[in-house]
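These notes are about the structure you will find just below.
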Amino acid sequence: MAQTDIWRLGAVETAERTRTGDLSVETVVEAALARMDAVNPGLNAVVEACADEARARALALDRERAAGAATGSLHGVPVTIKINVDQKGYATSNGLPALKDLIAPDDAPVVRSLTQAGAVVIGRTNTPEFSFRADTDNPLFGRTHNPWGDHVSPGGSSGGAGAAVMAGIGALAHGNDIGGSLRFPAAANGAVTVKPGLGRVPAWNPGQSAERGMLAQSMSVQGLLTRSAEDLHLAMPAMIAPDPLDPFHVPLPWRGAPSDAPLRVAFTRETYGYDLHPEVDAALCAARDALTDAGYMVEEVTTPDAFEAGRAGYRALMGEVHALMKPDIDAHGSQTVRDIFEVYFQEFPPFHGDELLRVMAQRSGYARDWSLFLERYPLVLTPFLPQPFFAPDRDTEGAEGVHEVLGAAVWSYAMNFVGLPAACVPARLAELPRGPQPVNVQIVAQRWREDLAVDAASAVEARLGRMCEPLWDRMAGR
Numbered sequence: 001m002a003q004t005d006i007w008r009l010g011a012v013e014t015a016e017r018t019r020t021g022d023l024s025v026e027t028v029v030e031a032a033l034a035r036m037d038a039v040n041p042g043l044n045a046v047v048e049a050c051a052d053e054a055r056a057r058a059l060a061l062d063r064e065r066a067a068g069a070a071t072g073s074l075h076g077v078p079v080t081i082k083i084n085v086d087q088k089g090y091a092t093s094n095g096l097p098a099l100k101d102l103i104a105p106d107d108a109p110v111v112r113s114l115t116q117a118g119a120v121v122i123g124r125t126n127t128p129e130f131s132f133r134a135d136t137d138n139p140l141f142g143r144t145h146n147p148w149g150d151h152v153s154p155g156g157s158s159g160g161a162g163a164a165v166m167a168g169i170g171a172l173a174h175g176n177d178i179g180g181s182l183r184f185p186a187a188a189n190g191a192v193t194v195k196p197g198l199g200r201v202p203a204w205n206p207g208q209s210a211e212r213g214m215l216a217q218s219m220s221v222q223g224l225l226t227r228s229a230e231d232l233h234l235a236m237p238a239m240i241a242p243d244p245l246d247p248f249h250v251p252l253p254w255r256g257a258p259s260d261a262p263l264r265v266a267f268t269r270e271t272y273g274y275d276l277h278p279e280v281d282a283a284l285c286a287a288r289d290a291l292t293d294a295g296y297m298v299e300e301v302t303t304p305d306a307f308e309a310g311r312a313g314y315r316a317l318m319g320e321v322h323a324l325m326k327p328d329i330d331a332h333g334s335q336t337v338r339d340i341f342e343v344y345f346q347e348f349p350p351f352h353g354d355e356l357l358r359v360m361a362q363r364s365g366y367a368r369d370w371s372l373f374l375e376r377y378p379l380v381l382t383p384f385l386p387q388p389f390f391a392p393d394r395d396t397e398g399a400e401g402v403h404e405v406l407g408a409a410v411w412s413y414a415m416n417f418v419g420l421p422a423a424c425v426p427a428r429l430a431e432l433p434r435g436p437q438p439v440n441v442q443i444v445a446q447r448w449r450e451d452l453a454v455d456a457a458s459a460v461e462a463r464l465g466r467m468c469e470p471l472w473d474r475m476a477g478r
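Just so we're aligned, residue 1 is where the sequence shown starts under UniProt numbering, counting upward by one.
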């Protein structure tokens, strides 16, 4: 591989080659920074570079290895961090001008876990205001663009992370997900991710002045966007390292018990009244066939009602947002985001008072239904969105826009509400009139079995291919 192409390496190969000494961490980091300099001006995915710190850390890792020190599982792997998570010495701005000087006093657990495993942070990625849109734009840093082209949104709220990793800016990209914020950017950019289940990855910001609301705590999780499932298998064990700062973290190993028999997969095309686009249907069928070919027992069945659970969960979350966040949205949000939230409240009428308490209690019932179903079918192959990914700013186009962007995404936020892991993997490259774009599917797994979801995602990509090579060819041809 030419020196100029080192940025193409995934996390697995990067770590293997830096740990053996075939490549120096300095060389890897310089290649990642050069790629960022080359493509980020057209994407605005990374909004704060960490070049000086990355170079210093690369030299330190190389010196330590030469002196015989043990190397971590992510030795020398370039990674980006989303700007809504604390990284010591940087502002946790969350896309808000009002927070541009909120400097983190220390690293969040996810940042510490990644760096302790040997990863090198090369930059911080963009997010929408309050990290609460499925698109990525804000008045502090501006719009992030999708590397496939401006005909498709980069997704959100981890839109900078998704665009960065798929464009070759780092092999790993940190993100988080309260209703789809890892999976939306994965679907938009053709990345692979797994939304971990509740309690899987320690979460806390040392600079926060108050605890988050209970629904935010129980629906939001930290994770990674990658170009391949194998990179998730490498990196997620470091992400789930125990940390007492999160008292509800569940310290289970990444790999669960192996199965003696072929795994049963429930397959559904159900979109609950939303039109299923032919390209999404084709992606679902391709993923189904790939899993069947890999030895899974796939059966088309009726699942527990994701629509009821998802709508109840998001209306409850909007109740909490209305009570706890609306004053800050009104005071510090742009007119654009204030208008979007008003439509959110129309699309998902917030629960208040006793009604909110009752639906929060009912969450256990929804989760129990899914747990029982997953006893028979440890995996569920579902649509992620019923339509190919939307255009930039679609959620600013009133009720119709929000309905398409978020209202139709019940398979996304239903999994946050019941706390189940869900992988998102590309299964098709659609050639649409507005331009090519990936189409992802979702794979839900039993509680604590993110590894099963990633195994299935790996089986899909092994048969259907990864999106990075056609994307890089397209970027090079512009």
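Beta carbons: idealized from backbone N, C-alpha and C, even for Gly. Nothing here was measured: the structure is a model prediction, and the numbers come from that model.
I need the boundaries of the alpha helix (DSSP H) containing Lys82, first residue and last residue. Position 82 of the sequence shown, counted from the start, is the residue given in the question as residue 82. For Lys82, no alpha helix (DSSP H) segment is defined; the enclosing uninterrupted segment is the beta strand (DSSP E) at 78 to 82.
Would you kindly check if the distance between the Cβ of Leu406 and the Cβ of Glu461 is under 8 Å? The sequence position of residue 461 within the sequence shown is 461, counting from 1. The sequence position of residue 406 within the sequence shown is 406, counting from 1. Taking the C-beta atoms as reference points, Leu406 is found no nearer than 8 Å to Glu461.
Leu225, enclosing beta strand (DSSP E) - first and last residue: If you number the sequence shown from 1, residue 225 lands on position 225. In the DSSP annotation of this structure, the continuous segment of the beta strand (DSSP E) that includes Leu225 starts and ends at 221 to 226.
Excluding the five sequence neighbours on either side, which residues of its own chain have a C-beta within less than 8 Å of the C-beta of Asp107, listed in chain order? Mapped onto the sequence shown, residue 107 falls at position 107. For Asp107, same chain residues with a beta-carbon under 8 Å away, outside a window of 5 residues either side, are Asp86, Gln87, Lys88, Thr115, Pro206 in chain order.
Ordered list of alpha helix (DSSP H) runs contained in the segment 19 to 83, each at least 4 residues: Qualifying alpha helix (DSSP H) stretches, in chain order: 25 to 43, 51 to 66.
Please report the distance separating the alpha-carbon of Phe417 from that of Pro41. On the sequence shown, residue 417 is found 417 positions in, with the first residue counted as 1. On the sequence shown, residue 41 is found 41 positions in, with the first residue counted as 1. Straight through space, the alpha carbons of Pro41 and Phe417 are spaced by roughly 37 Å.
For Tyr413, the nearest candidate out of Arg434, Val444, Val425, Leu429 (CA to CA): For the purposes of this step, residue 413 is taken as the residue at position 413 of the sequence shown. Per the Cα distances, Val444.
Count the other CB atoms within 10 Å of the CB of Gly313; is the residue buried (16 or more) or exposed (fewer)? As a first step, residue 313 must be located in the sequence shown, where it is residue number 313. Answer is buried; the Cβ neighbour count reaches 16.
Please list, in chain order, all residues of the same chain as Leu317 whose beta carbon is under 6 Å from its beta carbon, the five residues on each side excluded. Within the sequence shown, residue 317 is the residue found at index 317, counting from 1. Here the set comprises Leu215.
In whole angstroms, give me the CA-to-CA distance for Arg112 and Leu245. Taking the sequence shown and counting its residues from 1, the one referred to as residue 112 is at position 112. Taking the sequence shown and counting its residues from 1, the one referred to as residue 245 is at position 245. Roughly 12 Å between the two C-alpha positions.
Nearest-angstrom Cα separation, counted from Ala167 out to Arg17: Within the sequence shown, residue 17 is the residue found at index 17, counting from 1. Within the sequence shown, residue 167 is the residue found at index 167, counting from 1. Spanning the alpha carbons of Arg17 and Ala167 requires a straight line of approximately 21 Å.
Report the option in Ile340, Val192, His151 whose CA atom is closest to the CA atom of Ser158. Position 158 of the sequence shown, counting from 1, holds the residue named residue 158. Its Cα nearest to that of Ser158, the residue Val192 stands out among Ile340, Val192, His151.
Around the Cβ of Gly21, are there at least 16 other Cβ atoms within 10 angstroms (buried) or fewer (exposed)? To locate residue 21, count along the sequence shown from 1; it is residue 21. Exposed, since its Cβ has fewer than 16 Cβ neighbours within 10 Å.
Please report the distance separating the alpha-carbon of residue 490 from that of Ala399. Because the chain in this structure spans residues 1 to 478, residue 490 falls outside the shown range and cannot be described.
Span separating the alpha-carbon of Ala238 from that of Gly365: Along the sequence shown, read from residue 1 onward, the residue named residue 238 stands at position 238. Along the sequence shown, read from residue 1 onward, the residue named residue 365 stands at position 365. Between Ala238 and Gly365, the C-alpha separation is close to 32 Å.
Drop a sphere of 10 angstroms on the beta-carbon of Arg428, count the other beta-carbons inside from all chains shown, and report buried for 16 or more, exposed for fewer. Taking the first residue of the sequence shown as position 1, residue 428 is located at position 428. That one is buried.
Shortest alpha-carbon distance to Gly118 belongs to which of Lys100, Val29, Pro128? Position 118 of the sequence shown holds residue 118. In terms of Cα proximity to Gly118, the closest of Lys100, Val29, Pro128 is Val29.
Classify Ile340 as helix, strand or coil using the three-state DSSP reduction. On the sequence shown, position 340 is the one that residue 340 refers to. Note: Ile340 maps to helix in three-state DSSP.
Going by C-alpha distance, which of Pro421, Met415, Ala391 is nearest Trp448? Start at 1 with the first residue of the sequence shown, and residue 448 comes out as number 448. Ranked by how close their Cα comes to the Cα of Trp448, the residues Pro421, Met415, Ala391 have Pro421 in first place.
Could you tell me if the beta carbon of Ala203 falls within a distance shorter than 7 Å of some heavy atom in the ligand HEM? Of the ligands one can find in the structure shown there are none, so the ligand HEM has no counterpart to examine.
Compare the beta carbon distance of Val120 and Pro78 with 8 Å and say whether it is the shorter of the two. Mapped onto the sequence shown, residue 120 falls at position 120. Mapped onto the sequence shown, residue 78 falls at position 78. In contact: Val120 and Pro78 (Cβ atoms closer than 8 Å).
Give me whichever residues DSSP pairs with Ala91 in a beta bridge. Counting from one through the sequence shown, the residue named residue 91 turns up at place 91. DSSP output for Ala91 lists Ile103 as bridge partner(s).
Asp135 versus Leu284, Arg124, Arg63, Val152, residue with shortest Cα-Cα distance: Your numbering for residue 135 matches position 135 in the sequence shown. Comparing alpha carbon positions, the residue from Leu284, Arg124, Arg63, Val152 closest to Asp135 is Val152.
From what residue to what residue does the alpha helix (DSSP H) around Val454 run? On the sequence shown, position 454 is the one that residue 454 refers to. From DSSP, the alpha helix (DSSP H) with Val454 extends over 450 to 464.
Please name the residue in Phe130, Ala282, Ala309 whose C-alpha comes closest to that of Ala98. As a working note, residue 98 is residue 98 in the sequence shown. Here the closest residue by C-alpha is Phe130.
Does DSSP put Asn440 in a helix, in a strand, or in coil? Counting from one through the sequence shown, the residue named residue 440 turns up at place 440. Strand, per DSSP.
Could you check which residue in Met236, Met467, Phe341, Glu404 has the C-alpha nearest to that of Gly175? Taking the sequence shown and counting its residues from 1, one reaches residue 175 at position 175. That would be Met236, whose Cα lies nearest to the Cα of Gly175.
Is Ala210 buried or exposed, if buried means 16 or more other CB atoms sit within 10 Å of its CB? Within the sequence shown, residue 210 is the residue found at index 210, counting from 1. Within a 10 Å sphere around the beta-carbon of Ala210 sit fewer than 16 other beta-carbons, which makes this residue exposed.
Can you tell me whether Gln335 is buried or exposed? The criterion is at least 16 other CB atoms within 10 Å of its CB, across all chains shown. The residue labelled residue 335 in the question sits at position 335 within the sequence shown. Exposed is the call here.
Do the segment 322 to 334 and the segment 291 to 307 make contact, defined as three or more Cβ pairs closer than 8 Å? The segment 322 to 334 makes no contact with the segment 291 to 307, as fewer than three CB pairs between them are under 8 Å.
Ala186 vs Ala173 beta-carbon contact at 8 Å: In the sequence shown, counting from the first residue as 1, residue 186 sits at position 186. In the sequence shown, counting from the first residue as 1, residue 173 sits at position 173. No.
Reference Trp370, options Arg63, Gln446, Thr14, closest by Cα: Indexing the sequence shown from 1 puts residue 370 at position 370. Distance from the Cα of Trp370 is smallest, within the candidate group Arg63, Gln446, Thr14, for Gln446.
Within 8 Å of any Cβ in chain B, is that where the Cβ of Phe417 sits? Checking the listed chains, one finds no chain B in this structure; it contains a single protein chain.
Proximal residues to Ala54 (C-beta, below 7 Å), its chain only, five neighbours per side dropped: Sequence index remark: in the sequence shown, residue 54 carries index 54 (1-based). Contacts found: Val29, Leu33, Val120, Val121, Ile122.
Does the count of Cβ pairs from the segment 450 to 468 and the segment 226 to 235 closer than 8 Å reach three? Of all C-beta pairs linking the segment 450 to 468 to the segment 226 to 235, three or more are shorter than 8 Å, placing the two stretches in contact.
Buried or exposed, going by whether 16 or more other CB atoms sit within 10 Å of the CB of Gln442? Taking the first residue of the sequence shown as 1, we reach residue 442 at position 442. Flag for Gln442 reads buried.
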